[in-house]
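The block underneath contains the structure these notes are about, expressed in structure tokens.
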């Protein structure tokens, strides 16, 4: 196994997708569908899968249970060329699982058990194999209760001191947004790239305007914030400038994992040291590709497919000085 260029740490989930349904069943009603899809899921697995498909060497730090779902995650992700040796198997929790219920013309429903992700803590994150210029990505923060704010801040500070780029993604739970914001305040000053979606950014900041959301995160100390907005495109903001990216045209099937696919495309651009516009365009193409098939990663482009898609479609990007 090659030395990883990106370490993906965070949530690992076994996803069970029900095919898109015209409606949810009524109480006591049986609705027949096509076959269910069992796939890898969770931020760490989705981003690592996207990176591997794009030719970037990656490893995962996370926790799964000592069960058949844990076996499935380890075997499937290893077969994709991802280094899974740092993954720990919990003796206290089963593997995290999600049932995804897509309804045509409506948003998805999720039934989830946190499982072994509840056991993941800062001692499970090992930076030893990373070198200056590599990337430490942490995804799913705020729904891993054993992962403490001070420990994450220490890891991010250590990574930055070693010349490693720090990237943070979150899942904001329903509840006390004030506590979530206070949790992040220790970490954002050590964060090179923060990647929430607009709903998460709204929950954290209380701001409805995406520019004001970005301003709050930048004021707290992160270097760059990228806020994905689904069909409305993406905002990338630094202290100096804002870039607004439109969306690529696709036939939409399922939006699961599109934000993680976007992150994989963006991190690929960082690894390759592309200019920011190319990176944003590439990430948008990878994010769009995830929406073309059922599942978080089944539709994600490889490098050749992405480059061909970008040759055939132009993404509008506008810029404004801050």
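Residue numbers (the working numbering): 1 to 322.
We put the CB at the ideal spot given by N, CA and C, even for glycine.
Remember, it's a predicted structure, so these values are computed and weren't measured experimentally.
- Under the three-state reduction of DSSP output, residue 313 falls in the coil class, being neither helix nor strand.
- Runs of the beta strand (DSSP E) lying entirely within the stretch 88-146, each at least 3 residues long, are 88-90, 97-101, 109-113, 135-141 in chain order.
- Rounded to whole angstroms, residue 131 and residue 293 show a C-alpha spacing of 35 Å.
- Taken in chain order, the complete alpha helix (DSSP H) segments of 4 or more residues contained in the stretch 3-88 are 43-53, 68-79.
- As far as DSSP is concerned, residue 187 takes part in no beta bridge.
- About 7 Å separates the beta carbon of residue 226 from that of residue 266, a gap short enough to meet the 8 Å contact definition.
- Under the three-state reduction of DSSP, residue 294 is assigned to coil, being neither helix nor strand.
- In the structure shown, residue 250 adopts coil according to DSSP, grouped into three states.
- Separation of the CB atoms of residue 276 and residue 243 is rounded to 7 Å, and the pair is thereby assigned contact status at 8 Å.
- Taking the Cα positions, residue 240 is about 26 Å away from residue 231.
- Contact between the stretch 51-68 and the stretch 186-195 is not established, with fewer than three Cβ pairs separated by less than 8 Å.
- Assignment of residue 300 by DSSP, reduced to helix, strand and coil, places it in the coil class.
- At least 7 Å separates the beta-carbon of residue 102 from that of residue 22.
- Secondary structure of residue 232 (DSSP, three-state): helix.
- In the structure shown, residue 164 falls within a coil segment according to DSSP collapsed to helix, strand and coil.
- Counting C-beta pairs with one atom in each stretch, the stretch 7-14 and the stretch 33-52 have three or more that are closer than 8 Å, which means they touch.
- Residue 148 sits in coil when the DSSP states are folded into three classes, being neither helix nor strand.
- Judged by DSSP in its simplified three-state form, residue 224 adopts strand.
- Fewer than three Cβ pairs drawn from the stretch 307-318 and the stretch 256-273 lie within less than 8 Å of each other, which leaves the two stretches out of contact.
- Among the bridge pairs identified by DSSP, residue 320 is matched with 242.
- Residue 64 and residue 48 have their C-alpha atoms spaced approximately 16 Å apart.
- In this model, residue 50 and residue 89 are separated by some 23 Å (Cα to Cα).
- Nearest Cα to residue 156 within the set 145, 171, 180, 193: 193.
- Contact annotation: residue 245 and residue 284 have beta-carbon atoms nearer than 7 Å.
- For residue 210, the enclosing alpha helix (DSSP H) starts and ends at 210-219.
- Sequence-distant partners of residue 217 (beyond 5 residues in either direction) whose C-beta falls short of 6 Å from its own C-beta, in its chain, are 194, 225.
- Residue 146 and residue 120 do touch by the CB rule: their CB atoms are close to 6 Å apart, below 8 Å.
- Residue 291 has its alpha-carbon roughly 8 Å from the corresponding atom of residue 251.
- Around the beta carbon of residue 320, fewer than 16 other beta carbons lie within 10 angstroms, which makes this residue exposed.
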